[in-house]
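Written as structure tokens, this is what we have:
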């Protein structure tokens, strides 16, 4: 059994960092200078690749938009389409309570819209039929990413609750309360929002028909 005071047992992340040698031979300095120059070329190439990938994503996001709009116009005529798709999603369904199902049964349209250059965030818009819970016919959740800090924040349309409904929903809802929450996310992207955008919305019909298992979903 090791000595608890032995620093060799400490994780590498907790040990003091080793300072770079102050005395370097001329040969080593020359090799480091050459390596640094190559490193700078690598970083430049990486940035160029990042910019090109972003340009491709922006291009195809614009191309897909009218197709999503066409599909969604057709889907809004299918009763209970989105509530069924939500309930059949292996990840999102785990967050849903009975009251969430009741609220989502009134969703007639779901739309995802990227912000600016795609990487800065997106909006999730839900349209609702007349219901007992609130008078809004449209609620929008916006997720904004701060790329320089690696965190995010969320905003949502203010809910116009009908009498006695706010407390009821707050106490018995999970997914809907997530949707209406406004908060800062220090750990980066919101996982639920990402599942809705990149999984549920993309493969909406297959989730409605319950054709995707969780394993298949992650292997796509």
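In this note's numbering, the protein residues as written are 428 to 647.
For glycine and all other residues, C-beta sits at the position ideal for the given N, C-alpha and C.
A quick note: this is a predicted structure, and the numbers were derived from the prediction, not measured.
Candidates 606, 559, 551 and 603, of which the one nearest residue 591 by Cα: Sequence index remark: in the chain shown, residue 591 carries index 164 (1-based). The option with the nearest alpha carbon to residue 591 is 559.
Cβ-based burial, residue 579 [other Cβ within 10 Å; buried from 16]: Stepping through the chain shown from its first residue, residue 579 is reached at position 152. So residue 579 ends up on the buried side.
With 16 other Cβ atoms within 10 Å as the buried cut-off, status of residue 462: Here residue 462 refers to the residue found at position 35 of the chain shown. So residue 462 counts as exposed.
Status (buried if at least 16 other CB within 10 Å, exposed otherwise) for residue 534: Residue mapping note: residue 534 aligns to position 107 of the chain shown, counting from 1. Buried, by the Cβ-count rule.
Residue 572 - DSSP class collapsed to helix/strand/coil: Looking up residue 572 in the chain shown gives position 145. Residue state, collapsed to three classes: strand.
Option nearest residue 547 by Cα separation, candidates 503, 631 and 485: Translated into the one-based positions of the chain shown, residue 547 becomes position 120. Among 503, 631 and 485, the Cα nearest to that of residue 547 belongs to 485.
Residue 589 versus residue 595: straight-line alpha-carbon distance, rounded: As a position in the chain shown, residue 589 is number 162, starting the count at 1. As a position in the chain shown, residue 595 is number 168, starting the count at 1. Taking the straight line from one Cα to the other gives about 11 Å.
Closest residue to residue 567 among 520, 600, 632 and 604 (Cα-Cα distance): Residue numbering aside, residue 567 sits at position 140 when the chain shown is read from its first letter. Nearest of 520, 600, 632 and 604 to residue 567, Cα basis: 604.
Which of helix, strand or coil DSSP assigns to residue 596: For the purposes of this step, residue 596 is taken as residue 169 along the chain shown, with counting starting at 1. Reduced to three states, the DSSP call for residue 596 is helix.
Sub-7 Å separation of residue 555 and residue 570 beta-carbons: Taking the chain shown and counting its residues from 1, the one referred to as residue 555 is at position 128. Taking the chain shown and counting its residues from 1, the one referred to as residue 570 is at position 143. Not in contact: residue 555 and residue 570 (Cβ atoms no closer than 7 Å).
First and last residue of the uninterrupted beta strand (DSSP E) at residue 617: For the purposes of this step, residue 617 is identified with residue 190 of the chain shown, where counting begins at 1. Where residue 617 is concerned, there is no enclosing beta strand (DSSP E), given that its DSSP letter is neither H nor E.
Cβ neighbours of residue 634 in the same chain (closer than 7 Å, five flanking residues each side left out): Taking the first residue of the chain shown as 1, we reach residue 634 at position 207. Here the set comprises 512, 515, 516 and 627.
Assigned secondary structure, residue 447 (DSSP; H/G/I helix, E/B strand, else coil): The sequence position of residue 447 within the chain shown is 20, counting from 1. Three-state result, residue 447: coil.
Bridge-paired residues (DSSP) for residue 554: If you number the chain shown from 1, residue 554 lands on position 127. Beta-bridge pairing links residue 554 to 536 and 565.
Residues bridged to residue 492 (per DSSP): Counted from its first residue, the chain shown places residue 492 at position 65. According to DSSP, residue 492 bridges with nothing at all.
N- and C-terminal bounds of the beta strand (DSSP E) containing residue 578: To locate residue 578, count along the chain shown from 1; it is residue 151. Counting along the chain, the beta strand (DSSP E) containing residue 578 begins and ends at 578-583.
Three-way DSSP call (helix, strand, coil) for residue 560 in this model: Within the chain shown, numbered from 1, the residue matching residue 560 stands at position 133. Coil at residue 560, not helix or strand.
Residue 608 burial status per 10 Å Cβ neighbour count (16 or more: buried): Position 181 of the chain shown, counting from 1, holds the residue named residue 608. Classification for residue 608: exposed.
Residue 611 - DSSP class collapsed to helix/strand/coil: For the purposes of this step, residue 611 is taken as the residue at position 184 of the chain shown. Three-state DSSP puts residue 611 in a strand.
Beta-carbon proximity of residue 640 to residue 610, cut-off 7 Å: Here residue 640 is taken as the residue at index 213 of the chain shown, counted from 1. Here residue 610 is taken as the residue at index 183 of the chain shown, counted from 1. No, Cβ-Cβ distance for residue 640 and residue 610 is not below 7 Å.
As assigned by DSSP and simplified to three states, the class of residue 630: Numbered from 1 along the chain shown, position 203 holds the residue referred to as residue 630. If DSSP states are grouped into helix, strand and coil, residue 630 belongs with coil.
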